[in-house]
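**Q** The sequence shown begins at 1 in UniProt numbering and counts up by one. Attaching a single structure in structure tokens format; questions to follow.
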Amino acid sequence: MTVPLFPPGFLWGASASAFQTEGAVDADGKGPSGWDAFAALPGRIKDGTDTTRATGFHARYREDVALLAGLGADAFRFSVSWPRVVPGGSGAVNADGLDFYDRLVDELCAHGITPAPTLYHWDTPLQLEEAGGWLDRDTAHRFAEYAGIVAERLADRVPMWITINEPAEVTLLGYALGEHAPGRTLLFDALPAAHHQLLAHGLAVRALRAAGADNIGAALSHAPVWTAGDTDEDRFGAELYDTLTNWLFAEPILTGRYPDESLAALMPGPVADDLKVISTPLDWYGVNYYNPTLVGAPRPEALETFSGFTIPDELPFGIREIEGYEKTGFGWPVVPEGLTEILTRLHTRYGDRLPPLLITENGCALDEPHADDRRIAYLESHLTALRAAMDAGVDVRGYFTWSLTDNVEWTEGASQRFGLVHIDYETLTRTPKASYAWYRDLIRTQKQKQRQGQEQQQNRNRNPAVEGAYATPPE
């Protein structure tokens with residue numbers, strides 16, 4: 001399979017996050033995060049990986065930026081650790097923490113790589129988490145203050161901003177099911193955490209713009225929800241899961257309303273006023289895609305899903321394993337056409353309310369450090385599916401693969417490897433995989449073909465007599 005040609009100006013990047021890579025959890029005045037505390041509990045990190053070291057990015061960021069430069073990447077999506085900048089979540093600013101991100105941004109700029117910071121990738125300052133975390137409205141306001149602090153320092157060199165990453169997963173796994181930090185098991189009583197993350201996003205967009213930042217988006221997880229079975233209970237379960245994971249967050253951001261009035265009634269505070277803040281216009285909208293989910297009626301007993309998470313039988317839906325597809329190391333089905341499906345669905349559902357899209361995460365966990373042909377095939381097929389969505393009219397401006405290096409995959413530790421670059425967790429040595437070379441060559445080839453196409457267009461413009469000589473860009 002050959003990846004189709006993408007348009008000139010298409011952004012090629014790779015991603016990472018602070019908790020998963022930085023380590024140095026108490027260096028230079030950093031405060032603890034909710035994830036630091038959660039990971040320290042016995043058994044929470046399944047393979048016992050030392051999350052306090054992670055991949056050592058805090059000390060070795062120049063090495064990783066050099067790897068990005070070797071890829072020819074246009075941009076790097078990283079996250080800023082909130083407790084590294086504001087250790088208590090509010091109050092005193094840690095100058096040493098800001099200095100680290102200042103150095104990182106300078107290093108990226110020196111290599112011609114666009115810095116694309118995410119301001120929240122799940123590492124809530126522990127002091128705020130212990131005061132209620134995202135269940136507390138005050139956390140949203142503290143987040144906006146922090147966003148302004150970071151922008152005031154970096155906006156002169158950062159041309160692209162991401163407010164928040166995957167609030168659906170924080171709500172579901174962190175507050176409803178207890179699988180992730182902070183380990184709460186509130187089921188539907190977790191919905192205030194969704195609303196307050198959305199409010200934090202809207203307040204942060206305004207704080208960023210007030211500090212001179214521009215080109216702002218968010219990174220939301222999206223995937224098709226397929227219905228298991230043909231009973232009314234199956235359809236109800238699938239529709240509810242679809243609403244909770246896809247539209248509960250997209251709808252307020254893009255339309256200023258919740259997808260269902262009964263959900264809106266469960267949200268805290270002055271919801272109508274909050275929605276005006278939440279729907280503050282964005283410059284682009286980020287989509288994280290991995291695989292579809294097959295959902296039906298609940299089963300009589302708790303179900304451990306293919307991704308290892310337990311769905312209690314009190315919930316009105318059950319998740320089934322998707323059969324007939326190759327699986328990643330996580331057990332996730334490889335379904336590239338699902339990316340086309342969800343992008344075209346977003347386009348159809350929101351029309352001109354949908355800003356240009358970026359794929360802010362896409363990749364697969366495979367433990368094949370030296371011969372990862374399956375990862376190459378995964379990336380190739382998903383980029384082909386992405387191009388198909390663009391050909392169908394979806395405006396997509398860029399693609400960030402997850403991830404640059406192997407990293408701490410939350411509760412899975414080091415057991416699930418998403419990286420283009422292998423990490424030896426004993427020595428922290430970096431070794432590019434075959435997929436790194438493939439992605440490097442893809443980016444180079446895409447840019448060469450784009451230049452050739454532009455030159456041919458210029459030639460046609462200069463000499464109309466040769467019109468038709470170059471009907472398509474060369475392959």
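C-beta: ideal position from N, C-alpha, C; glycine also.
(1) Check Ala302 in the structure and name its three-state DSSP category.
(2) Mind checking who Asn165 pairs with in its DSSP beta bridge?
(3) Which parts of the segment 50 to 87 are runs of the alpha helix (DSSP H), unbroken and 4 residues or longer, counting only runs that do not cross its ends?
(4) Which stretch, first to last residue, makes up the beta strand (DSSP E) that contains Ser435?
(5) On the three-state DSSP scale, how would you describe Ser262?
(6) Please determine whether the Cβ atom of Arg349 lies at a distance below 7 Å from any heavy atom of the ligand COA.
(7) May I ask which residues mark the beginning and end of the beta strand (DSSP E) holding Arg397?
(8) Cutting at 7 Å between CB atoms, please list the residues of its own chain near Ile45, excluding the five before and the five after it.
(9) Closest by CA to Gly174, which one among Trp122, Arg209, Leu154 and Met160?
(10) I'd like to check one pair, Leu199 with Ile322: are the Cβ atoms closer than 8 Å?
(11) Give the range of the alpha helix (DSSP H) segment to which Tyr350 is assigned.
(12) Helix, strand or coil, according to DSSP, for Trp35 in the structure here?
(13) Just the Cα atoms here: how many angstroms apart are Ser81 and Ala92?
(14) Is there contact between the segment 145 to 161 and the segment 197 to 217, where contact requires at least three CB pairs shorter than 8 Å?
(15) Please check the pair Gly29 and Ala73, which I expect to be a contact at CB under 8 Å, by giving their CB distance rounded to whole angstroms.
(16) Distance, Cα to Cα, Ala144 vs Pro117?
(17) Quick one: give me the first and last residue of the beta strand (DSSP E) that Glu361 is part of.
(18) Tell me Pro125's beta-bridge partners as DSSP assigns them.
(19) Suppose you measure from the CA of Ala218 to the CA of Ala190; what does that come to, to the nearest Å?
(20) What span of residues does the alpha helix (DSSP H) with Val105 cover, start to end?
(21) Taking Tyr439 and Val421 to be in contact with their CB atoms under 8 Å, please state how far apart those CB atoms are, rounded to whole angstroms.
(22) According to the Cβ coordinates, are Asn362 and Tyr325 closer than 8 Å?
(23) Ends of the alpha helix (DSSP H) at Ala193?
(24) DSSP has Trp284 in a bridge; who is on the other side?
(25) Between Thr21, His58 and Tyr61, which has its C-alpha nearest Thr49's C-alpha?
(26) In the DSSP assignment, find the beta strand (DSSP E) that holds His422 and state where it starts and stops.
(27) Given that a residue counts as buried once 16 or more other Cβ atoms are within 10 Å of its Cβ, and exposed if not, what is Glu107?
(28) Is Arg142 helix, strand or coil when you go by DSSP?
(29) Need the endpoints of the alpha helix (DSSP H) that Arg235 sits in, please.
(30) With burial defined as no fewer than 16 other Cβ atoms inside 10 Å of the residue's Cβ, what is the status of Arg451: buried or exposed?
(31) So, is Asn291 buried or exposed, given that buried needs 16 or more other C-beta atoms within 10 angstroms?
(32) Would DSSP call Trp332 helix, strand or coil?
(33) Would a C-beta distance cut-off of 8 Å place Met318 and Thr227 closer than the cut-off?
(34) Write down the C-beta distance between Leu366 and Arg397 rounded to the nearest angstrom, noting that I regard them as a contact closer than 8 Å.
(35) Return the residue from the list Gly237, Ala75 and Leu154 that minimises the CA-CA distance to Val85.
(36) Run the CB neighbour count on Gly133, radius 10 Å, all protein chains shown included, and call it buried at 16 or more, exposed below.
**A** Per the coordinate set shown:
(1) The residue given as residue 302 occupies position 302 in the sequence shown. Confidence at Ala302 is low in this model, with a pLDDT of 44, below 50, so the placement of that residue is unreliable and no value is reported for it.
(2) For this step, residue 165 is matched to residue 165 along the sequence shown. Answer is Ala219, bridged to Asn165.
(3) 57 to 71 and 82 to 85
(4) Position 435 of the sequence shown, counted from the start, is the residue given in the question as residue 435. Careful: Ser435 lies outside any beta strand (DSSP E), inside the alpha helix (DSSP H) at Ala434 to Arg462.
(5) Reading the sequence shown from its first residue, position 262 is the one you call residue 262. Correct three-state label for Ser262: helix.
(6) Absence of the ligand COA is noted for the structure shown, with no ligands found whatsoever.
(7) Working through the sequence shown from its first residue, we reach residue 397 at position 397. Segment Val396 to Thr401, the beta strand (DSSP E) holding Arg397.
(8) Here residue 45 is taken as the residue at index 45 of the sequence shown, counted from 1. Excluding residues within five positions, the ones whose Cβ falls inside 7 Å are Ala39, Thr51, Thr411 and Gly413.
(9) For the purposes of this step, residue 174 is identified with residue 174 of the sequence shown, where counting begins at 1. Out of Trp122, Arg209, Leu154 and Met160, Trp122 has the C-alpha closest to the C-alpha of Gly174.
(10) The count along the sequence shown starts at 1 and reaches residue 322 at position 322. The count along the sequence shown starts at 1 and reaches residue 199 at position 199. For Ile322 and Leu199, no; Cβs fall outside 8 Å.
(11) Mapped onto the sequence shown, residue 350 falls at position 350. Taken as a continuous stretch (DSSP letters only), the alpha helix (DSSP H) holding Tyr350 covers Glu337 to Tyr350.
(12) Locating residue 35 in the sequence shown gives position 35, counting from the first residue. Helix at Trp35.
(13) Against the sequence shown, residue 81 aligns to sequence position 81. Against the sequence shown, residue 92 aligns to sequence position 92. Rounded to whole angstroms, Ser81 to Ala92 spans 15 Å at the Cα level.
(14) yes
(15) As a first step, residue 29 must be located in the sequence shown, where it is residue number 29. As a first step, residue 73 must be located in the sequence shown, where it is residue number 73. That pair is no contact at about 30 Å.
(16) One-based indexing of the sequence shown puts residue 144 at position 144. One-based indexing of the sequence shown puts residue 117 at position 117. Spanning the two alpha carbons is a distance of roughly 15 Å.
(17) Within the sequence shown, residue 361 is the residue found at index 361, counting from 1. Note, Glu361: beta strand (DSSP E), Leu357 to Glu361.
(18) Residue mapping note: residue 125 aligns to position 125 of the sequence shown, counting from 1. Per DSSP, Ser33.
(19) For the purposes of this step, residue 218 is identified with residue 218 of the sequence shown, where counting begins at 1. For the purposes of this step, residue 190 is identified with residue 190 of the sequence shown, where counting begins at 1. Using only the alpha carbons, I get a separation of about 21 Å.
(20) Position 105 of the sequence shown, counted from the first residue, corresponds to residue 105. It spans Ala95 to Ala110 - the alpha helix (DSSP H) in which Val105 sits, taken as one unbroken run.
(21) Counted from its first residue, the sequence shown places residue 439 at position 439. Counted from its first residue, the sequence shown places residue 421 at position 421. With a Cβ gap of about 10 Å, Tyr439 and Val421 do not count as contacting.
(22) For the purposes of this step, residue 362 is identified with residue 362 of the sequence shown, where counting begins at 1. For the purposes of this step, residue 325 is identified with residue 325 of the sequence shown, where counting begins at 1. No, the Cβ-Cβ distance between Asn362 and Tyr325 is not below 8 Å.
(23) The sequence position of residue 193 within the sequence shown is 193, counting from 1. Looking at the DSSP string, the run of the alpha helix (DSSP H) that includes Ala193 is Leu191 to Ala210.
(24) Taking the first residue of the sequence shown as position 1, residue 284 is located at position 284. For Trp284, which the question treats as bridged, DSSP gives no partner whatsoever.
(25) Numbered from its first residue, the sequence shown carries residue 49 at position 49. Checked all of Thr21, His58 and Tyr61; the closest Cα to Thr49 is Thr21.
(26) Here residue 422 refers to the residue found at position 422 when the sequence shown is read from its first residue. Segment Val421 to Ile423, the beta strand (DSSP E) holding His422.
(27) Stepping through the sequence shown from its first residue, residue 107 is reached at position 107. Buried, by the Cβ-count rule.
(28) Against the sequence shown, residue 142 aligns to sequence position 142. Three-state DSSP puts Arg142 in a helix.
(29) For the purposes of this step, residue 235 is taken as residue 235 along the sequence shown, with counting starting at 1. Per DSSP, Arg235 belongs to the alpha helix (DSSP H) from Asp232 to Asp242.
(30) Position 451 of the sequence shown, counted from the start, is the residue given in the question as residue 451. Its Cβ having fewer than 16 others within 10 Å, Arg451 is exposed.
(31) Start at 1 with the first residue of the sequence shown, and residue 291 comes out as number 291. Per the 10 Å Cβ criterion, buried.
(32) Working through the sequence shown from its first residue, we reach residue 332 at position 332. Coil.
(33) Here residue 318 refers to the residue found at position 318 of the sequence shown. Here residue 227 refers to the residue found at position 227 of the sequence shown. It should be noted that the sequence gives Gly, not Met, for residue 318. Their beta carbons are not under 8 Å apart, which means Gly318 does not touch Thr227 by this criterion.
(34) Translated into positions along the sequence shown, residue 366 becomes position 366. Translated into positions along the sequence shown, residue 397 becomes position 397. About 28 Å separates the two Cβ atoms, so there is no contact after all.
(35) In the sequence shown, counting from the first residue as 1, residue 85 sits at position 85. Nearest C-alpha to Val85: Leu154.
(36) Residue mapping note: residue 133 aligns to position 133 of the sequence shown, counting from 1. Result: buried.
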